[in-house]
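Asker:
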Amino acid sequence: MTQYMPTIASLAAAAAILLAGCSPSNPESPRRSRAPFGKVDGKEVFLYTLRNKSGMEARITNYGGIVVSLLVPDRSGRPGDVVLGYDSLSSYLKATPYFGAIVGRYGNRIGKARFTLEGKEYTLNANDGPNTLHGGLKGFDKVVWEADENTPATQPSLSLSYLSRDGEEGYPGSLKAAVVYTLTDSNELRIDYAATTDKPTVLNLTHHSYFNLAGAGSGEILSHELMLNADRFTPIDSGLITTGELKPVEGTPMDFRTPAAVGARIGVTDDQLRFGRGYDHNWVLNKTGGELSLAARVSEKTSGRVMEVWTTEPGVQFYSGNFLNGTNIGKGGKTYAYRTGLCLETQHFPDSPNKPAFPSTVLRPGEKFASTTAYRFSTR
Ligand code: GLA
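What follows is the structure, encoded as structure tokens:
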């Protein structure tokens, strides 16, 4: 496995190859550039830079579809990197808690690493005790996606695709997955997911950025204020597997319908918080169907940054970074200690393949899966 180990800074300087629709002489035009990031499984990996007209910049690699950095202006216009990650590809290959990645084929947990579909039982690779988490041993976060550099870039965007073969990680059916990242001029990072299959399968695609609106590596996220547009959540057992219930948040520490600091109730005695080691649960979003609707709003006082999460998905996993432990060196030499990043993973409910009452995650031949999530940034 050959790897280059350029730093983010040198990559910025090297990012000279401007692609379709880009005009270096006109800073007002949508822009996308790329630089080499290394090689995995004999395939070239690149780091793409998207820039919009409103001061945002996203760096995304086709390895795992990982958002490596995301620069967002604060209330005085100063850009800050709001996602946790690494400077080099080799660090992502060594160990990562899914920093910034596209997660699939099935995001979140499937209990006992098995499920039955149309009368047939499928056994998956277990990678979280007896369960499967985030796609298994080598999920969509650990594969090289193909970048389609020929799509005309009217807006700064990156189209990625990946063919997951029949039987990969135990899942049935060859699945063609496509993800398009778009950095819009209204300061949103939009993710459009699409997929088709040649056999019935299950699918749950999500994105796993760890956000810290005060800047990656700047400390705990416990004072971030969070609103979750959800009257109910899906309780978990001690193995973090959903019980199948949809429980009202009313009167519990899971109630974020009115904005509250992440840390305000995280320490109270509560079985759900104990099982999750903090927040690590799926909320049932208030919505009528598959419309793009507001799932969450996070704000951070010192920077003034606000992030809204909009999605067509029925659920969102709010994870308060309870497994972060500061062991790995992150971007710019910073380490990411306990609860210094939070994830808002839009999704179908965890363990849906084994919970017939949950919205279905089954995809059949001839069907087209489509899903959209947008992370919208502003300041106050
Ligand atoms: C998800 C899970 C967590 C944890 C993280 C990655 O959010 O729900 O339990 O596995 O991913 O560390």
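For the sequence shown, the positions run 91 to 470 when our numbering is used. Heads up, the beta-carbon is just placed ideally off N, CA and C, and yes, glycines get one too.
Apart from the five residues just before and just after Asp321, which ones in its own chain have a Cβ nearer than 8 Å to its Cβ?
Answerer: Pro338, Val339, Glu340, Arg347, Val374, Asn376.
Asker: Over what stretch of residues does the beta strand (DSSP E) that includes Gly405 continue unbroken?
Answerer: Gly405 -> beta strand (DSSP E) spans 405-409.
Asker: According to DSSP, is Asn116 helix, strand or coil?
Answerer: Bear in mind that a pLDDT of 34 at Asn116, under 50, signals an unreliable position, so the model cannot answer this.
Asker: Pull up the CB-CB distance for Arg195 and Thr462, whole angstroms please, since I reckon it's below 8 Å.
Answerer: Going by Cβ atoms, the distance from Arg195 to Thr462 rounds to 19 Å, so no, they are not a contact pair.
Asker: Can you tell me the Cα-Cα spacing of Arg60 and Leu227, whole angstroms?
Answerer: Any question about residue 60 goes unanswered here, given that the chain covers just 91 to 470.
Asker: In whole angstroms, give me the CA-to-CA distance for Tyr176 and Asp218.
Answerer: One C-alpha to the other measures close to 23 Å.
Asker: In the DSSP assignment, find the unbroken beta strand (DSSP E) run with Lys128 in it and report its ends.
Answerer: Per the sequence shown, the amino acid found at residue 128 is Gly instead of Lys. Segment 121-130, the beta strand (DSSP E) holding Gly128.
Asker: Return the CA-CA distance between Pro446 and Val452, expressed in angstroms with no decimal places.
Answerer: Near 11 Å, if we compare the C-alpha coordinates of Val452 and Pro446.
Asker: Report the rounded CA-to-CA distance for Glu390 versus Ser313, giving the unit in angstroms.
Answerer: C-alpha separation (whole angstroms): 7 Å.
Asker: Quick check: is any heavy atom of ligand 1 less than 8 Å from the C-beta of Arg429?
Answerer: The answer is no for Arg429.
Asker: So what's Asp238 in DSSP terms, helix, strand or just coil?
Answerer: Here Asp238 sits in strand by DSSP.
Asker: DSSP has Thr291 in a bridge; who is on the other side?
Answerer: Paired residues: Leu453.
Asker: Report the rounded CA-to-CA distance for Ala351 versus Gly257, giving the unit in angstroms.
Answerer: Near 43 Å, if we compare the C-alpha coordinates of Gly257 and Ala351.
Asker: DSSP three-state call for Asp231: helix, strand or coil?
Answerer: Helix.
Asker: Out of Glu435, Gly411, Ala284, state which residue places its alpha-carbon closest to the alpha-carbon of Trp400.
Answerer: Residue Glu435 is the option with its Cα nearest to Trp400.
Asker: Mapping DSSP to helix, strand and coil, what is Ile356?
Answerer: Ile356: coil per DSSP, three-state reduction.
Asker: What does Leu140 pair with, by DSSP beta-bridge criteria?
Answerer: Beta-bridge pairing links Leu140 to Arg122, Ala148.
Asker: What does a CB cutoff of less than 8 Å around Phe413 pick up in its chain, not counting 5 residues either side in sequence?
Answerer: Result list for Phe413: Pro187, Arg367, in chain order.
Asker: From Thr402 to Pro246, what distance separates their C-alpha atoms?
Answerer: Taking the straight line joining both Cα atoms gives about 22 Å.
Asker: Spatial neighbours of Leu207 within its chain, please: CB distance less than 8 Å, with the 5 preceding and 5 following residues excluded, ordered by chain position.
Answerer: Pro262, Pro290, Thr291, Val292, Pro443, Val452.
Asker: Based on the DSSP secondary-structure assignment, which residues constitute the bridge partners of Gly197?
Answerer: According to DSSP, which records beta bridges pairwise, Gly197 is partnered with nothing at all.
Asker: For Phe301, which of helix, strand or coil comes out of DSSP?
Answerer: Looking at Phe301 - three-state DSSP - the assignment turns out to be strand.
Asker: Which value, in whole angstroms, describes the spacing of the CA atoms of Leu363 and Asp327?
Answerer: Computed Cα separation, rounded: 11 Å.
Asker: List the endpoints of the continuous alpha helix (DSSP H) containing Leu382.
Answerer: Careful: Leu382 lies outside any alpha helix (DSSP H) and carries neither H nor E.
Asker: Helix, strand or coil for Gly155 per DSSP?
Answerer: DSSP places Gly155 in coil when its eight states are reduced to three.
Asker: Cβ of Gln483 versus every heavy atom of ligand 1: is any distance shorter than 8 Å?
Answerer: What the structure shows of the chain is the stretch from 91 to 470, and residue 483 is not part of that stretch, so it cannot be assessed.
Asker: Does the beta-carbon of Glu211 have 16 or more other beta-carbons within 10 angstroms, so that it is buried, or is it exposed?
Answerer: Exposed is the call here.
Asker: Look at the Cβ atom of Val234, then the Cβ atom of Val130, and state whether they are nearer than 9 Å.
Answerer: Closer than 9 Å, so yes.
Asker: With distances taken from CA atoms, which of Leu248, Ser159, Thr274, Gly456 is nearest Ser144?
Answerer: Out of Leu248, Ser159, Thr274, Gly456, Thr274 has the C-alpha closest to the C-alpha of Ser144.
Asker: How many angstroms separate the CA atom of Thr324 from the CA atom of Leu336?
Answerer: Taking the straight line joining both Cα atoms gives about 5 Å.
Asker: Apart from the five residues on each side of it in sequence, which residues of its chain come closer than 6 Å, Cβ to Cβ, to Arg454?
Answerer: Excluding residues within five positions, the ones whose Cβ falls inside 6 Å are Pro290.
Asker: Using the Cβ count rule (16 or more neighbours within 10 Å means buried), how would you classify Gly309?
Answerer: Flag for Gly309 reads exposed.
Asker: Which same chain residues, not among the five before or five after Gly334, have their C-beta less than 6 Å away from its C-beta?
Answerer: Counting only Cβ-Cβ distances below 6 Å, and skipping sequence neighbours, we find Lys445.
Asker: How big is the Cα-Cα spacing for Gly416 and Gly456?
Answerer: Looking at the two C-alpha atoms, the distance is approximately 45 Å.
Asker: Between which two residues does the alpha helix (DSSP H) harbouring Phe365 extend?
Answerer: Where Phe365 is concerned, the enclosing alpha helix (DSSP H) stretches over 361-366.
Asker: Can you tell me whether Asn221 is buried or exposed? The criterion is at least 16 other CB atoms within 10 Å of its CB, across all chains shown.
Answerer: When all chains shown are included, Asn221 counts as buried.
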